[in-house]
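Colleague: Residues 52 to 298 in my numbering are what the sequence shown spells out, letter by letter. One structure follows; several queries about it will come next.
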Amino acid sequence: MLQTQLRYIQTVLTFGIFITIFLNNENLIISCFVGLILAWQLELLACELRTTNNEFVLILLLLITSFSPVATIFFEVSEIKNMIFLISILIGIFYLTFKDISISTFGNAYLVTFISFFLVSFFVSKTFSENLDFLTFLFLILFFIKTLATFFNIQFSNYQYFFNFFASFFVVTTVSLFSGFTIQYVLIAAGLISIFTVIMNFLFQRNRREYKYFSTLTTQIYLFDYLVSFLFALYFVDVLNLIIGLF
Numbered sequence: 052m053l054q055t056q057l058r059y060i061q062t063v064l065t066f067g068i069f070i071t072i073f074l075n076n077e078n079l080i081i082s083c084f085v086g087l088i089l090a091w092q093l094e095l096l097a098c099e100l101r102t103t104n105n106e107f108v109l110i111l112l113l114l115i116t117s118f119s120p121v122a123t124i125f126f127e128v129s130e131i132k133n134m135i136f137l138i139s140i141l142i143g144i145f146y147l148t149f150k151d152i153s154i155s156t157f158g159n160a161y162l163v164t165f166i167s168f169f170l171v172s173f174f175v176s177k178t179f180s181e182n183l184d185f186l187t188f189l190f191l192i193l194f195f196i197k198t199l200a201t202f203f204n205i206q207f208s209n210y211q212y213f214f215n216f217f218a219s220f221f222v223v224t225t226v227s228l229f230s231g232f233t234i235q236y237v238l239i240a241a242g243l244i245s246i247f248t249v250i251m252n253f254l255f256q257r258n259r260r261e262y263k264y265f266s267t268l269t270t271q272i273y274l275f276d277y278l279v280s281f282l283f284a285l286y287f288v289d290v291l292n293l294i295i296g297l298f
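What follows is the structure, given as structure tokens:
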């Protein structure tokens, strides 16, 4: 029940990003992006850890870790973000020592936390704020394409990996060219982003099949795993420098 509710929250936040564009409220758009990532992280952690016993403490710790970049905005010291991240890892290892949690479970939980942490850091950065419109349009167009694909069951067919690749490639190429970027750099960036998106999406889906408290895969899960993979690919590939020729 919790996982289903969290997926609905992710959908609402995504539509919130779309509506907020017309309100021209930058902080609200960034808040929706942060909330979307945290909801996705919590949904994955709920698949891996129980929320009815002491493992809930570890879930809370990991969520605070991912949210910590937002809190560091109000501080002058830039290194505090790294300090919080490292301290949380040490606390988690200490917690693992005294609790009955397997290494694989702990590793999957922290993998999701790493990705969420870096994405939240990206969202609250000056770079994301300066290119908010460009990145938001990339995300929303891909969201609507993938949503449309669920009605035709494309992503459950044998062609899902080709579709995932070319959907990302088409969106990045189209939006970038309309934004006036040079075509050769755009094609390089689109290719790298698409490959990385497909790989990360496959990793998320594969890990889900090994989770203790998760039995079936739904269209909603495929959708948001793919979108988060795309956002992380934008950050990891450093698309904003790549499309202008800064390698």
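Glycine is no exception: its CB is placed at the ideal position from the N, C-alpha and C atoms.
1) When DSSP labels each residue in this structure, what does VAL175 get in the three-state scheme?
2) Quick check on PHE203: buried or exposed, where buried means 16 or more other Cβ atoms within 10 Å of its Cβ?
3) Looking only at C-alpha atoms, which of LEU100, LEU74, GLY67 sits nearest to LEU87?
4) Count the other CB atoms, across all protein chains shown, that sit within 10 Å of the CB of LEU199; report buried if there are 16 or more and exposed otherwise.
5) I need the straight-line Cα distance from PHE217 to LEU254, nearest angstrom please.
6) Please give the ranges of any alpha helix (DSSP H) in the segment 82 to 118, keeping only runs that are unbroken, at least 4 residues long and fully inside the region.
7) By the 10 Å Cβ neighbour count, where 16 or more other Cβ atoms means buried, how is ALA122 classified, buried or exposed?
8) Check SER245 in the structure and name its three-state DSSP category.
9) Helix, strand or coil: which one does DSSP assign to TYR210?
10) For LEU44 and ILE154, I'd like the C-alpha separation in whole angstroms.
11) I'd like the list of long-range same chain contacts for GLN56, defined as Cβ closer than 7 Å, with 5 residues on each side in sequence excluded.
12) CA-CA distance, LEU96 and VAL279?
13) Can you check whether the CB of PHE213 is closer than 8 Å to the CB of MET251?
14) Can you have a look at LEU109 and say buried or exposed, based on whether 16 or more other CB atoms are within 10 angstroms of its CB?
15) Helix, strand or coil, according to DSSP, for PHE73 in the structure here?
16) So, helix, strand or coil for PHE233, using DSSP?
17) Apart from the five residues on each side of it in sequence, which residues of its chain come closer than 6 Å, Cβ to Cβ, to SER266?
18) Using a Cβ-Cβ cutoff of less than 7 Å, which residues in the same chain neighbour LEU64 once the five nearest sequence positions on both sides are dropped?
19) If you check the beta carbons only, do SER167 and GLN92 fall under 8 Å apart?
20) On the CB-based measure, 16 or more other CB atoms within 10 Å of its CB, does ARG58 come out buried or exposed?
21) Rounded to whole angstroms, what is the Cα-Cα separation between PHE281 and PRO120?
22) To which residues of the same chain is VAL226 closer than 6 Å at the C-beta, ignoring the five residues directly before and after it?
23) Please work out which residues of its chain come closer than 7 Å, Cβ to Cβ, to PHE287, disregarding the five sequence neighbours upstream and downstream, and give them in chain order.
Modeller: Let's see:
1) As a working mapping, residue 175 is identified with position 124 in the sequence shown. Reduced to three states, the DSSP call for VAL175 is coil.
2) For the purposes of this step, residue 203 is taken as the residue at position 152 of the sequence shown. Exposed, because fewer than 16 other Cβ atoms sit within 10 Å of the Cβ of PHE203.
3) As a working note, residue 87 is residue 36 in the sequence shown. The residue with the shortest Cα to Cα distance from LEU87 is GLY67.
4) As a position in the sequence shown, residue 199 is number 148, starting the count at 1. Exposed is the call here.
5) Position 166 of the sequence shown, counted from the first residue, corresponds to residue 217. Position 203 of the sequence shown, counted from the first residue, corresponds to residue 254. Each residue's Cα considered, the two are about 18 Å apart.
6) none
7) Here residue 122 refers to the residue found at position 71 when the sequence shown is read from its first residue. So ALA122 counts as exposed.
8) As a working note, residue 245 is residue 194 in the sequence shown. Note: SER245 maps to helix in three-state DSSP.
9) Working through the sequence shown from its first residue, we reach residue 210 at position 159. Here TYR210 sits in coil by DSSP.
10) Because the chain here runs from 52 to 298, residue 44 falls outside it and cannot be looked at.
11) Stepping through the sequence shown from its first residue, residue 56 is reached at position 5. Excluding residues within five positions, none has a Cβ falling inside 7 Å.
12) Here residue 96 corresponds to residue number 45 of the sequence shown, with the count starting at 1. Here residue 279 corresponds to residue number 228 of the sequence shown, with the count starting at 1. Roughly 15 Å separates the two Cα atoms.
13) Locating residue 251 in the sequence shown gives position 200, where the first residue counts as 1. Locating residue 213 in the sequence shown gives position 162, where the first residue counts as 1. No, the Cβ-Cβ distance between MET251 and PHE213 is not below 8 Å.
14) For the purposes of this step, residue 109 is taken as residue 58 along the sequence shown, with counting starting at 1. By the neighbour-count rule (16 or more Cβ atoms within 10 Å), LEU109 is buried.
15) Within the sequence shown, the letter at position 22 stands for residue 73. Reduced to three states, the DSSP call for PHE73 is helix.
16) Residue mapping note: residue 233 aligns to position 182 of the sequence shown, counting from 1. For clarity, residue 233 is Thr in the given sequence; the question names Phe instead. In the structure shown, THR233 sits in coil (DSSP, three-state: anything other than H, G, I, E or B).
17) Mapped onto the sequence shown, residue 266 falls at position 215. A caution first: SER266 carries a pLDDT of 49, below 50, which makes its placement in the model unreliable, though a value can still be read off. Contacts found: none.
18) Residue numbering aside, residue 64 sits at position 13 when the sequence shown is read from its first letter. Closer than 7 Å at Cβ, skipping near neighbours: CYS83, GLY86, LEU87, ALA90.
19) In the sequence shown, residue 167 corresponds to position 116, counting from 1. In the sequence shown, residue 92 corresponds to position 41, counting from 1. Yes; because the gap between Cβ atoms is below 8 Å, this pair is in contact.
20) One-based indexing of the sequence shown puts residue 58 at position 7. Buried, because 16 or more other Cβ atoms sit within 10 Å of the Cβ of ARG58.
21) To locate residue 281, count along the sequence shown from 1; it is residue 230. To locate residue 120, count along the sequence shown from 1; it is residue 69. Straight-line Cα distance between these residues: approximately 20 Å.
22) For this step, residue 226 is matched to residue 175 along the sequence shown. If we look at VAL226 and ignore the five residues flanking it on each side, its Cβ neighbours are PHE188, LEU189.
23) Your numbering for residue 287 matches position 236 in the sequence shown. Result list for PHE287: PHE247, in chain order.
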